[in-house]
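Asker:
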Amino acid sequence: MLLFVGRVHCYRIDPEMKSEPSQTALPLWTAIAAQISQLTRKTFIPENLSPVGGGCINRAFRIRHQDQQFFIKLNKTEHLAMFEVEAAGLEEIIRSASLRVPRPLCSGSGHGHAWLVLEFIDLQSRGDATALGNGLADMHRCTAEKFGWSRDNTIGSTPQQNTAESDWIAFWRQQRLGYQLNLAQRKGYTGLLQSLGEQLLSECQHFFTGYTPVPSLLHGDLWGGNYAFDAAGQPIIFDPAVYYGDREADLAMTELFGGFSADFYAAYQDAWPLQTGYASRKQLYNLYHILNHLNLFGAQYLRQAEIMIKKLLSELC
């Protein structure tokens with residue numbers, strides 16, 4: 126859930142890291158540089174470090190040496206698996222030959238931190254939105270035999286289950302909405318949210334009358350903060366929560382926090398038109414993300430989740 130920020134501030138690395146805002150130790154960057162050197166077979170010395178702001182889960186930096194530069198994510202050591210599965214998700218999208226993502230180089234841990242090293246792309250806020258719509262349709266045409274994925278991953282920092290399932294409704298009920306509702310209950314969000322949620326879980330199959338989705342490759346966390354453009358104006362997507370699911374789930378999230386451009390939606394619709402009932406199903410899909418925000422960030426999302434469930438139930442009357 127890293128937000129794009131166009132401007133960074135550069136810091137010269139010194140032995141005591143006094144100018145590096147995270148106050149991490151120089152041995153950490155030396156270990157990361159050694160791993161980069163080993164994999165690229167080219168000496169990499171961490172000469173310049175640029176913190177990239179905007180992230181709410183990880184800390185992010187650009188690290189440079191001469192003509193080489195990389196994007197680094199840092200978190201606590203116990204989050205190494207989260208970085209490893211993120212890299213696997215990026216590789217899954219790369220294999221689809223659709224939209225460009227930052228290519229992962231390596232991940233590792235040491236000196237109290239886990240890290241993920243990615244290709245650095247100079248991201249821009251404007252570019253070819255039509256190419257983004259076409260590319261997403263191309264990615265969604267990459268399908269699997271079952272819903273889910275070969276690995277569990279995370280949505281933000283929340284665990285996301287991806288056990289293979291032939292029945293999409295069962296998958297969504299158990300591994301998406303049901304999981305988030307159970308997590309909310311463990312966090313103390315009981316009462317109305319749970320009673321409404323149980324009713325919705327028991328009735329959600331009615332939103333799929335006459336509609337049978339196929340298992341499409343999804344970004345999984347596709348909001349406005351997780352796409353940008355390169356210097357040539359071509360689209361880039363990043364920070365995925367990959368799995369194979371209903372393509373409408375990706376499209377729904379693009380509308381959750383302000384929406385993408387009209388050119389994006391026109392291009393996607395031309396490439397692969399959405400089916401009748403999407404207007405209702407998108408609320409069902411976006412409820413998953415609002416529940417996740419409730420579980421990650423707190424009670425300010427409780428009322429929104431309850432209102433969404435009430436609206437969905439009203440459509441079944």
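The sequence shown runs 126 to 442 under our numbering.
All C-beta atoms in this analysis are idealised placements derived from N, C-alpha and C, irrespective of residue type, glycine included.
Keep in mind it's a predicted model, so treat the numbers as computed, not measured.
(1) Could you tell me the alpha carbon to alpha carbon distance between Gly370 and Glu431, rounded to whole angstroms?
(2) Tell me which residues share the same chain as Leu421 and place their Cβ nearer than 8 angstroms to its Cβ, disregarding the 5 neighbours each side in the sequence.
(3) Using the Cβ count rule (16 or more neighbours within 10 Å means buried), how would you classify Thr202?
(4) Curious, which full-length alpha helix (DSSP H) runs of at least 4 residues does the region 259–346 contain?
(5) For a test of the three-state rule: what should DSSP assign to Phe208, helix, strand or coil?
(6) May I ask you to report which of helix, strand or coil DSSP gives Glu431?
(7) Kindly indicate which three-state DSSP category His238 falls into: helix, strand or coil?
(8) Let me check understanding here. Comparing Cα to Cα, which of Leu164, Trp154 and Tyr390 lies closest to Arg187?
(9) From Ser386, Leu438, Tyr314 and Val226, pick the residue whose C-alpha is nearest to that of Leu243; which is it?
(10) Does the separation of the CB atoms of His331 and Leu441 fall below 7 angstroms?
(11) Taking three-plus beta-carbon pairs below 8 angstroms as touching, is the region 228–239 in contact with the region 356–370?
(12) Of all the options His265, Leu205, Lys436 and Gln194, which has the alpha carbon lying nearest to the alpha carbon of Gln408?
(13) Considering only the alpha carbon of each residue, which of Arg276, Leu224 and Asp395 lies closest to Ala353?
Answerer: Result, derived from the coordinates:
(1) 25 angstroms
(2) Gly281, Ser282 and Thr283
(3) exposed
(4) 293–296, 303–311 and 317–328
(5) helix
(6) helix
(7) strand
(8) Trp154
(9) Val226
(10) Yes.
(11) no
(12) Lys436
(13) The residue with the shortest Cα to Cα distance from Ala353 is Leu224.
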